[in-house]
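K.L.:
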Amino acid sequence: MKSIPVVAALLAAGMSTGWAALGGKPARLGPHVAASKSSAGSTGQAAYTETRKVLDSGTTVHEYLDAGGNVFAVSWSGPFLPDLKEILGEHFDAMAAQQRNQRAGGRSPLHIKQSDVVIDSEGHMGAFQGRAWLPAQLPAGFDPRAIK
Amino acid sequence: MALSLAALAGCGGGSSGPAPAATTTPPPAATGANAVPIVVDTGTDGSAFNTPFVSVTVCQPGTTACQTIDHVLVDTASYGLRVVASAAGSLALPAVSNVAGQPVGECAQFASGYAWGSVHRADVKLGGEVASNIPVQLVDDRSPDFAAVPVACSSRGANFGVGQGANGILGVGLFNQDCGSACAGSASPGLYFACPAGACTGTALALGSQVANPVPAFAVDNNGVVIALADAPPGGTTSLAGTLTFGVGTQPNNQLGSAAVYTVNSQGDFSTTYKGVTYPASFIDSGSNAIFFADSTIPTCSGGFYCPASTLSLSAVNTSTTGASGTVAFTVENLRSLSVTTAAAHVGADIGLARSVDWGLPFFFGRTVFVAMSGASTPAGNGPYWAY
């Protein structure tokens, strides 16, 4: 496992005045973070930092940061949806637009596969899961199936 | 994910597709005070697809002032009744308040977006069953206190309302409330809001004030529901009939018979194995309009629906939390081959790198599916479980 400077990356993120979530620095999620933890990870040749935040709602958010501290993938899992606007940043609009385009009838999972972003939102009332990543920003060798 | 007529047309459906059959196998009859008919049609505006509807009568509590609302989606993956406020007509339903006496709004969460509205009490009547004085959501309530959607709600996704083509959603899944103890103790889940003078902030809300699945509130036949639908023929159909029956093993018309029981975890999920991959968070969802599963070998078209060159016959294995398992055979037709007037058809859609198989409405075609409520006693043991 290749190690990378986790602390430096998190400090840089914490000191940032702006935030951009997916594609930028980690989402703040402000007072709603009940616990957080970060660790170095690797899949194949790719090295990255994974942060795990447990929100006060009980939902867990993972963010995957590249060597520059930018978020290239996120995921969420738990009883309630997190603030997806904060987590997905500018890509929230892609999700919302798709949701609006597919209004008819039933309520169903969402799978968006665009060249710039992939977003999955699945589950049901009381048990949601989802993940999103930026195909062009993935560290070399990173397999999206490694997203928790 | 849902399909509009435009999406069908965009997929190459329409004039090129064969006309769907007008009728299918004889539908199960809605007989008895504990049963209401289901229809799968194209909804209030022609846009619905693979969506099962019932009519629900909503009354001012303890009175005969009632409104019957048609085209309410039957949803086994949510809990509680939500109707568009405009469909409730002139009913004066008492508002639900938090402990501070402030009027309560709700941001109901779905993977496909949110429904914003106010919370009121009503008597909910389905056939001969009555859930008295239960909290329901009035979605898209335009009254001043609820006219603006809080940012803490709109940040969860798009405003889905109750979905195009529907007047409401009847959540009759495995659980009693749409939130539960988490919202009774805290505002953190982001579901309930206190909205005095239209300034909405998150609030805790007692269990008895939360929007509730009406089934446990019935005097009888209150341990679950049974959904039976006719099968959809190859090529789909313009209308499909079925029955929503209340109670599991409480009456001659809701006996389990030879149905196999699939117990679930605390989230209401079991596992599904498809092509060697196990999806541990799988569930049965009458409110999803396709079987959503991951298979990169099947081509997709508009909206992520699968469009195989010819109809696929597939199978998966569902395994309960007790280890009981059974094979489910299912078919996936090419969405492009369907007429734009199709209301029901065996279709599938890509769910991405998911942890679930979402057994949507096509799973119900030609089946009788039992939903046993969490904590309720049934002849096959306590819920929650599915049986089919």
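Chains B and S supply the protein sequences, listed in that same order. Under the working numbering, the first sequence has 128 at position 128, and the numbering climbs by one with no breaks. Under the working numbering, the second sequence has 224 at position 224, and the numbering climbs by one with no breaks. Just so it is clear, CB atoms sit at the ideal spot from N, CA and C, and this is done for glycine as well.
Could you check where the beta strand (DSSP E) with Ile-119 (chain B) kicks off and where it finishes?
P.N.:
Here residue 119 (chain B) refers to the residue found at position 119 when the first sequence is read from its first residue. That run of the beta strand (DSSP E) goes 118-124.
K.L.:
Mind checking if Phe-142 (chain B) is an interface residue toward chain S, Cβ cutoff 8 Å exclusive?
P.N.:
Residue mapping note: residue 142 (chain B) aligns to position 142 of the first sequence, counting from 1. With 8 Å as the cut-off, Phe-142 (chain B) does not count as an interface residue toward chain S.
K.L.:
Tell me whether Arg-82 (chain S) is buried or exposed, calling it buried when 16 or more other Cβ atoms sit within 10 Å of its Cβ.
P.N.:
Translated into positions along the second sequence, residue 82 (chain S) becomes position 82. With 16 or more other Cβ atoms from the protein chains shown falling within 10 Å of its own Cβ, Arg-82 (chain S) counts as buried.
K.L.:
Take Val-225 (chain S) and list the residues in its own chain whose beta-carbon comes closer than 7 Å to its own, dropping the five residues that flank it on each side.
P.N.:
As a working mapping, residue 225 (chain S) is identified with position 225 in the second sequence. Residues Val-172, Val-215, Leu-244, Thr-245, Phe-246, Val-371 of the same chain have their beta carbon placed closer than 7 Å to that of Val-225 (chain S), with the five preceding and five following residues left out of the count.
K.L.:
Enumerated in chain order, which unbroken segments of the beta strand (DSSP E) with a length of 3 residues or greater are wholly contained in the segment 86-163 of chain S?
P.N.:
The beta strand (DSSP E) runs lying completely inside the segment 86-163 of chain S and spanning 3 residues or more are 104-110, 113-126, 129-139, given in chain order.
K.L.:
DSSP three-state label for Glu-63 (chain B), please.
P.N.:
Reading the first sequence from its first residue, position 63 is the one you call residue 63 (chain B). DSSP, reduced to helix, strand and coil, places Glu-63 (chain B) within a strand of the structure shown.
K.L.:
Check each candidate in S:Thr-322, S:His-346, S:Gly-198 and name the one with the smallest Cα separation from Glu-333 (chain S).
P.N.:
Taking the first residue of the second sequence as position 1, residue 333 (chain S) is located at position 333. Considering only alpha carbons, the answer is S:His-346.
K.L.:
Can you tell me which of B:Trp-76, B:Leu-55, B:Ser-115 puts its alpha carbon nearest to the alpha carbon of Tyr-64 (chain B)?
P.N.:
Walking along the first sequence from the start, residue 64 (chain B) turns up at place 64. Checked all of B:Trp-76, B:Leu-55, B:Ser-115; the closest Cα to Tyr-64 (chain B) is B:Trp-76.
K.L.:
Roughly how many angstroms separate the alpha carbons of Pro-37 (chain S) and Leu-338 (chain S), rounded to a whole number?
P.N.:
Taking the first residue of the second sequence as position 1, residue 37 (chain S) is located at position 37. Taking the first residue of the second sequence as position 1, residue 338 (chain S) is located at position 338. Computed Cα separation, rounded: 25 Å.
K.L.:
Taking 8 Å as the threshold, find out whether the segment 284-300 of chain S comes into contact with the segment 177-186 of chain S through three or more Cβ pairs.
P.N.:
no
K.L.:
Could you give the distance in angstroms between the alpha-carbon of Thr-319 (chain S) and the alpha-carbon of Phe-283 (chain S)?
P.N.:
Sequence index remark: in the second sequence, residue 319 (chain S) carries index 319 (1-based). Sequence index remark: in the second sequence, residue 283 (chain S) carries index 283 (1-based). Just so you know, the alpha carbons of Thr-319 (chain S) and Phe-283 (chain S) end up roughly 11 Å apart.
K.L.:
Between the Cα of Ser-57 (chain B) and the Cα atoms of B:Ala-127, B:Ser-39, B:Lys-85, which residue gives the shortest distance?
P.N.:
To locate residue 57 (chain B), count along the first sequence from 1; it is residue 57. Answer by Cα proximity: B:Ala-127.
K.L.:
Taking only beta-carbon atoms, is Gln-267 (chain S) less than 8 Å away from chain B?
P.N.:
The sequence position of residue 267 (chain S) within the second sequence is 267, counting from 1. By this cut-off, Gln-267 (chain S) is an interface position.
K.L.:
Which of the three DSSP states, helix, strand or coil, is assigned to Asp-231 (chain S)?
P.N.:
Against the second sequence, residue 231 (chain S) aligns to sequence position 231. Three-state result, Asp-231 (chain S): coil.
K.L.:
Could you tell me which uninterrupted alpha helix (DSSP H) segments, each at least 4 residues in length, are contained entirely in the segment 287-326 of chain S, listed from first to last along the chain?
P.N.:
none
K.L.:
Per DSSP, Asn-382 (chain S) forms a beta bridge with which residues?
P.N.:
For this step, residue 382 (chain S) is matched to residue 382 along the second sequence. S:Ser-377.
K.L.:
Measure from the C-beta of Ala-136 (chain B) to each C-beta in chain S and report whether the shortest distance is under 8 Å.
P.N.:
As a first step, residue 136 (chain B) must be located in the first sequence, where it is residue number 136. Not closer than 8 Å to any Cβ of chain S, the Cβ of Ala-136 (chain B) fails to qualify, so no.
K.L.:
At a Cβ threshold of 8 Å, is Gln-114 (chain B) touching chain S?
P.N.:
Here residue 114 (chain B) refers to the residue found at position 114 when the first sequence is read from its first residue. By this cut-off, Gln-114 (chain B) is not an interface position.
K.L.:
Can you check whether the C-beta of Ser-36 (chain B) is within less than 8 Å of a C-beta belonging to chain S?
P.N.:
Counting from one through the first sequence, the residue named residue 36 (chain B) turns up at place 36. No, because no Cβ of chain S sits closer than 8 Å to the Cβ of Ser-36 (chain B).
K.L.:
Do Val-40 (chain S) and Val-54 (chain S) come within 8 Å of each other at the CB atom, strictly closer than that value?
P.N.:
Residue mapping note: residue 54 (chain S) aligns to position 54 of the second sequence, counting from 1. Residue mapping note: residue 40 (chain S) aligns to position 40 of the second sequence, counting from 1. Using a Cβ distance threshold of 8 Å, Val-54 (chain S) and Val-40 (chain S) do not count as a contacting pair.
K.L.:
For the beta strand (DSSP E) holding Ala-73 (chain B), just list the boundary residues, first then last.
P.N.:
Translated into the one-based positions of the first sequence, residue 73 (chain B) becomes position 73. That run of the beta strand (DSSP E) goes 71-78.
K.L.:
Look at Ala-77 (chain S) and Gly-235 (chain S) and say whether their C-beta atoms are less than 8 Å apart.
P.N.:
On the second sequence, residue 77 (chain S) is found 77 positions in, with the first residue counted as 1. On the second sequence, residue 235 (chain S) is found 235 positions in, with the first residue counted as 1. No, the Cβ-Cβ distance between Ala-77 (chain S) and Gly-235 (chain S) is not below 8 Å.
K.L.:
Does DSSP put Val-56 (chain S) in a helix, in a strand, or in coil?
P.N.:
The count along the second sequence starts at 1 and reaches residue 56 (chain S) at position 56. Correct three-state label for Val-56 (chain S): strand.
K.L.:
In this structure, what does DSSP give as the bridge partners for Cys-66 (chain S)?
P.N.:
Here residue 66 (chain S) refers to the residue found at position 66 of the second sequence. Per DSSP, S:Cys-59.
K.L.:
Any idea if Pro-362 (chain S) is buried or exposed, counting beta-carbon neighbours within 10 angstroms, 16 or more meaning buried?
P.N.:
Taking the first residue of the second sequence as position 1, residue 362 (chain S) is located at position 362. It is buried - the Cβ of Pro-362 (chain S) has at least 16 other Cβ atoms within 10 Å.
K.L.:
Assign Ser-391 (chain S) to buried or exposed, taking buried as 16 or more other Cβ atoms, counted over all protein chains shown, within 10 Å of its Cβ.
P.N.:
Lying before the first or after the last residue shown, residue 391 (chain S) is absent from chain S, which here runs from 1 to 388.
K.L.:
In terms of alpha-carbon separation, which member of S:Ala-344, S:Gln-60, S:Phe-193 lies closest to Val-149 (chain S)?
P.N.:
As a position in the second sequence, residue 149 (chain S) is number 149, starting the count at 1. When only C-alpha atoms are compared, the closest one is S:Phe-193.
K.L.:
For Ser-155 (chain S), would you say it is in contact with chain B, using Cβ-to-Cβ distances shorter than 8 Å as the test?
P.N.:
Residue mapping note: residue 155 (chain S) aligns to position 155 of the second sequence, counting from 1. Yes - at least one Cβ of chain B is within 8 Å of the one on Ser-155 (chain S).
K.L.:
If distances are taken between C-alpha atoms only, which option among S:Ala-100, S:Gly-381, S:Ala-111 comes closest to Ile-119 (chain B)?
P.N.:
One-based indexing of the first sequence puts residue 119 (chain B) at position 119. Nearest option by C-alpha distance: S:Ala-111.
K.L.:
Taking only the alpha-carbon atoms, compute the straight-line gap between Asp-45 (chain S) and Ala-166 (chain S) and give it to the nearest angstrom.
P.N.:
Taking the second sequence and counting its residues from 1, one reaches residue 45 (chain S) at position 45. Taking the second sequence and counting its residues from 1, one reaches residue 166 (chain S) at position 166. Asp-45 (chain S) and Ala-166 (chain S): Cα-Cα distance of roughly 8 Å.
K.L.:
Give me the residue from S:Thr-322, S:Thr-321, S:Ile-298 with the minimum Cα distance to Thr-311 (chain S).
P.N.:
Here residue 311 (chain S) refers to the residue found at position 311 of the second sequence. Among S:Thr-322, S:Thr-321, S:Ile-298, the Cα nearest to that of Thr-311 (chain S) is on S:Ile-298.
K.L.:
Please check if any C-beta of chain S sits within less than 8 Å of the C-beta of Leu-84 (chain B).
P.N.:
Here residue 84 (chain B) corresponds to residue number 84 of the first sequence, with the count starting at 1. Yes - at least one Cβ of chain S is within 8 Å of the one on Leu-84 (chain B).
K.L.:
Among all the DSSP beta bridges, which residues are the ones paired with Glu-50 (chain B)?
P.N.:
Start at 1 with the first residue of the first sequence, and residue 50 (chain B) comes out as number 50. Bridge partners of Glu-50 (chain B): B:Ser-39, B:Tyr-64.
K.L.:
From the DSSP output, in three-state form, read off Gly-190 (chain S) for me.
P.N.:
As a working note, residue 190 (chain S) is residue 190 in the second sequence. The answer is coil: DSSP assigns Gly-190 (chain S) none of H, G, I, E or B.
K.L.:
Measuring straight from C-alpha to C-alpha, what distance separates Ser-38 (chain B) and Thr-49 (chain B)?
P.N.:
Here residue 38 (chain B) refers to the residue found at position 38 when the first sequence is read from its first residue. Here residue 49 (chain B) refers to the residue found at position 49 when the first sequence is read from its first residue. Computed Cα separation, rounded: 7 Å.
K.L.:
Taking DSSP's pairing of strands, which residues face His-111 (chain B) in a bridge?
P.N.:
Start at 1 with the first residue of the first sequence, and residue 111 (chain B) comes out as number 111. BP columns for His-111 (chain B) point to B:Asp-120.
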